[in-house]
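In the working numbering, the protein residues as written are -17 to 197.
Okay, structure first, notes after.
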Ligand code: HEM
Ligand code: HEM
């Protein structure tokens, strides 16, 4: 079992993740090209202006209006993206397989960032359950996506600390990481791929067409 999930399944999940992401982006470009009003309106200046505003915490009015949610959303995403990339255990696997390696974060930092992802995800869950205006627009798929996003962190943490049977947790961890990678291009987790383009379009439409701001 371990050999299968840590061998062929890793290959399959990375191929589906990268191939699927390219496919989704190419499809998006083709669709946008058909709509004659999209590309002619795109402006590099207004795209960058909007993107910069939306990746800086508290730069937009909406973020300032919900400061707690802003901190939680940024903390969740920063830890979610950076931890797996700069994790020592993951780096060692890249080195073993491909003889490539890069900077790794101290293991304590990785632990703290993992805990941040787990707690911020619990916050998202409670928010969806408790706030009527959020519950109203929440579907089963929202809980499923949150689970897919947080599962590699819970199982990775448990495997690393060996609080539960190590081999089982490790296998569960690898499977949950693979599910996340495969899910990114084909579920709403694809917002990771589209964010730059939707923001760029909104920025261009507001900046170049309406002469206003979109933040
Ligand atoms: C695709 C296949 C993956 C493999 C083969 C893999 C492998 C591993 C291994 C071997 C460990 C260390 C366990 C130990 O110390 O014994 C680990 C830990 C961890 N992994 Fe993965 N992983 C994968 C995907 C992911 C993904 C997609 C994420 C998150 C997005 C992730 C997040 C973590 C975290 C947060 C830890 C523990 C950090 C800590 O508390 O120190 N992994 N992984
Ligand atoms: C790296 C580029 C990414 C950007 C710019 C981004 C941006 C966003 C934004 C703007 C939101 C809405 C937050 C709010 O309501 O205030 C969001 C929500 C979310 N993102 Fe991302 N995201 C990225 C990557 C990811 C990845 C890689 C995952 C997981 C694999 C992920 C999982 C989630 C989840 C689960 C939510 C919903 C939380 C909830 O239940 O309310 N994101 N993201």
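Note that beta-carbon positions come from the ideal geometry of N, C-alpha and C, so glycine has one too.
(message) Suppose the cutoff is 6 Å on Cβ atoms and the five residues either side in sequence are ignored; what does the same chain contact list for residue 156 look like?
(response) Along the chain shown, one-based indexing puts residue 156 at 174. Answer for residue 156: -13, -12, listed in chain order.
(request) Please list, in chain order, all residues of the same chain as residue 84 whose beta carbon is under 7 Å from its beta carbon, the five residues on each side excluded. (result) As a first step, residue 84 is located in the chain shown; it is residue number 102 there, counting from the start. Correct list, in chain order: 73.
(message) For residue 62 and residue 55, I'd like the C-alpha separation in whole angstroms.
(response) Your numbering for residue 62 matches position 80 in the chain shown. Your numbering for residue 55 matches position 73 in the chain shown. Near 10 Å, if we compare the C-alpha coordinates of residue 55 and residue 62.
(request) Say whether the segment 103 to 122 touches the segment 161 to 168, bearing in mind that this needs 3 or more beta-carbon pairs closer than 8 Å, one atom from each stretch. (result) no
(request) Check residue 151 in the structure and name its three-state DSSP category. (result) On the chain shown, position 169 is the one that residue 151 refers to. Here residue 151 sits in helix by DSSP.
(message) Determine whether the beta carbon atoms of residue 64 and residue 95 lie at a separation below 8 Å.
(response) Along the chain shown, one-based indexing puts residue 64 at 82. Along the chain shown, one-based indexing puts residue 95 at 113. Yes.
(message) On the DSSP letters alone, give me the boundaries of the alpha helix (DSSP H) that residue 81 sits inside.
(response) The residue given as residue 81 occupies position 99 in the chain shown. First-last for residue 81: undefined, no H or E at that position.
(message) Excluding the 5 residues flanking residue 100 on each side, which residues of the same chain have their C-beta closer than 8 Å to its C-beta?
(response) Here residue 100 refers to the residue found at position 118 of the chain shown. 132, 135, 136, 139, listed in sequence order.
(request) Identify whether residue 48 lies in helix, strand or coil by the three-state DSSP scheme. (result) Looking up residue 48 in the chain shown gives position 66. Coil.
(request) For residue 168, collect the residues of the same chain with a Cβ closer than 7 Å to its Cβ; drop the 5 residues on either side in sequence, then sort them by chain order. (result) Residue numbering aside, residue 168 sits at position 186 when the chain shown is read from its first letter. Correct list, in chain order: 2.
(message) Which same chain residues end up closer than 7 Å to residue 76 when comparing Cβ atoms and leaving out the 5 residues on each side of it in sequence?
(response) Mapped onto the chain shown, residue 76 falls at position 94. So the qualifying residues of the chain are 82, 83.
(request) Ignore the nearest five residues each way along the sequence and tell me which others in residue 154's own chain have a CB closer than 6 Å to its CB. (result) Along the chain shown, one-based indexing puts residue 154 at 172. Closer than 6 Å at the Cβ level, and outside the excluded window around residue 154, lie 137.
(request) Quick one: using the 10 Å Cβ neighbour count with 16 as the cut-off for buried, is residue 43 buried or exposed? (result) Taking the first residue of the chain shown as 1, we reach residue 43 at position 61. With fewer than 16 Cβ atoms within 10 Å of its Cβ, residue 43 is classed as exposed.
(request) Quick one: give me the first and last residue of the alpha helix (DSSP H) that residue 24 is part of. (result) Taking the first residue of the chain shown as position 1, residue 24 is located at position 42. Careful: residue 24 lies outside any alpha helix (DSSP H) and carries neither H nor E.
(request) Label residue 80 either buried or exposed according to how many other C-beta atoms from any shown protein chain fall within 10 Å of its C-beta, with 16 as the threshold for buried. (result) Numbered from its first residue, the chain shown carries residue 80 at position 98. Exposed: under 16 other Cβ atoms inside 10 Å.
(message) Measuring straight from C-alpha to C-alpha, what distance separates residue 174 and residue 145?
(response) The residue you call residue 174 lines up with position 192 of the chain shown. The residue you call residue 145 lines up with position 163 of the chain shown. Going from the Cα of residue 174 to the Cα of residue 145 covers about 32 Å.
(request) Assign residue 121 to one of three DSSP states: helix, strand, or coil. (result) Looking up residue 121 in the chain shown gives position 139. Three-state result, residue 121: coil.
(message) Quick check: the Cα distance between residue 151 and residue 171, rounded to an integer number of angstroms?
(response) On the chain shown, position 169 is the one that residue 151 refers to. On the chain shown, position 189 is the one that residue 171 refers to. Their Cα atoms are separated by approximately 24 Å.
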